[in-house]
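Using UniProt numbering, read the sequence shown as starting at 1 and increasing by one per residue. Let me begin by presenting the structure, written as structure tokens, before commenting on it.
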Amino acid sequence: MKELFIKKGRQQTVNKEIKLKGIALHTGKEAAITIRPAASQTGIVFYRNDLESKDLIEARPESVVNLERNTTIGHKENDKASISTIEHLMAALWGAGIDNAEIAVSGPEIPVIDGSAYPYYQKILEAGIKEQTEKRNVYLVQKALSVRDNSASITISPYTGFKISYTLDYDHPVVGKSFFEFDALKDDFAAKIAQARTFGFAEEIEKLHEQGLALGGSLDNAVLINREGTVNPLRFENEFVRHKILDVIGDMALNGRIMGHIKAFKSGHRLHVELAKKIRENMIEEEN
Ligand SMILES: [Zn+2]
């Protein structure tokens with residue numbers, strides 16, 4: 001039988017406690033997080049330190065409770081304990097090679113900082129990365145899996161590395177169509193992906209606000225797009241598609257480290273997490 005997991009290096013955690021605070025993108029409220037070192041095999045776990053019960057929420061596909069413009073995880077038995085907009089932080093942890101961490105959150109959402117993964121990533125590197133004794137398990141995707149919703153789709157197929165090929169296609173004069181690829185073996189996450197910010201359309205703001213979304217959105221934490229162009233300057237000419245790859249990485253990190261080639265067309269958090277769930281189901285099935 002083919003190996004399901006390969007042992008690749010050792011597990012890692014953060015060297016010391018990291019604190020970050022700022023505005024939350026959707027609630028618009030002040031939020032703070034503390035990232036703490038955690039033992040081998042813990043994975044990435046979150047909890048709400050504003051609630052009496054400090055129920056741990058594992059950052060896994062089965063913990064996802066909401067996918068409206070972000071990825072929200074929650075606790076099975078405590079429906080008050082949910083944490084939104086974890087995807088950019090998850091991507092930063094993945095990029096820094098962190099397998100184990102405990103993250104205390106001051107409320108229902110992570111601070112968005114500048115709308116990219118870079119500030120979290122930088123803080124993690126500043127604190128330092130600690131190698132642990134246990135070997136790291138990397139799951140090898142065994143067969144092609146895909147999910148689709150009308151013209152949007154995402155597929156993962158066996159590949160001895162981790163690669164994302166993303167096609168963005170918006171019926172919008174400023175965004176339009178673009179393609180970008182990130183191959184973890186060759187490309188530098190910090191330089192190519194981590195700094196790409198989330199983006200929003202001026203024409204959608206009112207509707208989002210009515211839904212209680214993007215209340216904290218500003219030119220400090222998102223690229224704002226109108227019919228003529230972007231209101232604030234871009235960091236990369238193709239920042240949008242790079243950010244979509246960042247989102248895919250953050251959502252795929254719900255399964256820890258995996259090997260496979262992902263091909264995504266116009267996909268968002270909903271499809272990403274559907275695929276992450278499929279990967280997880282296969283992983284469990286194949287193990288037994
Ligand atoms: Zn995003």
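Built from N, CA and C at the ideal position, the CB exists for glycine as well. All values derive from a computational prediction rather than experimental measurement.
C-beta contact flag for residue i and residue j at 9 Å
i	j	result
L4	M252	no
L145	K278	yes
Y47	I35	no
T72	N66	yes
V223	R197	yes
F189	I225	no
K19	I33	yes
L89	I110	yes
A191	G161	no
Q41	Q11	yes
residue 299	A24	The first residue shown for the chain is 1 and the last is 288, placing residue 299 beyond what the model contains.
V241	S151	no
A214	R69	yes
F180	K163	no
G216	H75	no
Q142	P158	yes
P37	K130	yes
A101	Y121	no
V147	E285	no
K244	S267	yes
For residue i, the nearest candidate out of the options (CA to CA)
i	options	result
K7	V138, L93 and P119	V138
L51	T13, V105 and V223	V105
I258	N288, W94 and G28	W94
Q195	V223, A117 and G217	A117
L246	V231, E206, E204 and L168	L168
G176	F182, G115, F265 and F162	F265
K80	D55, N15 and G260	D55
N255	E30, I33, P61 and S165	P61
T155	Q211, E204, H261 and I249	H261
H272	P37, G250, E287 and F182	G250
S53	G115, E206, K21 and S82	S82
R270	L140, S153 and Q122	S153
Residues bridged to residue i (per DSSP)
i	result
residue 314	No information on residue 314 is available, as it lies outside the stretch 1 to 288 that the chain covers here.
residue 321	Residue 321 cannot be examined here, being either before or after the span of the chain that is shown, 1 to 288.
D169	K177
S82	G74
F189	Paired residue(s): none; F189 is not in a bridge.
E109	S84
G200	L224
Limits of the alpha helix (DSSP H) - the one that residue i falls within
i	result
G250	E239 to M252
Q11	Taken as a continuous stretch (DSSP letters only), Q11 belongs to no alpha helix (DSSP H), being part of the beta strand (DSSP E) at F5 to V14.
Q122	Y118 to A127
L224	Premise fails: L224 lies in the beta strand (DSSP E), V223 to I225, not in any alpha helix (DSSP H).
I205	I205 to E210
I23	Here I23 belongs to no alpha helix (DSSP H); instead the beta strand (DSSP E) covers I18 to I23.
N282	H269 to E287
Cβ distance (whole Å) where residue i is taken to contact residue j below 8 Å
i	j	result
R227	P173	6 Å
I113	V14	In fact, because the Cβ distance is near 17 Å, the residues do not count as touching under 8 Å.
G115	N238	The Cβ separation is near 16 Å, so there is no contact.
For residue i, the first and last residue of its enclosing beta strand (DSSP E)
i	result
K143	Counting along the chain, K143 falls outside any beta strand (DSSP E), and DSSP gives it neither H nor E.
A31	E30 to P37
V65	V64 to N66
**Report entry** Heavy atoms of ligand 3 versus C-beta positions, residues under 5 Å
**Finding:** Ligand 3 is not among the ligands present in this structure, which contains only ligand 1.
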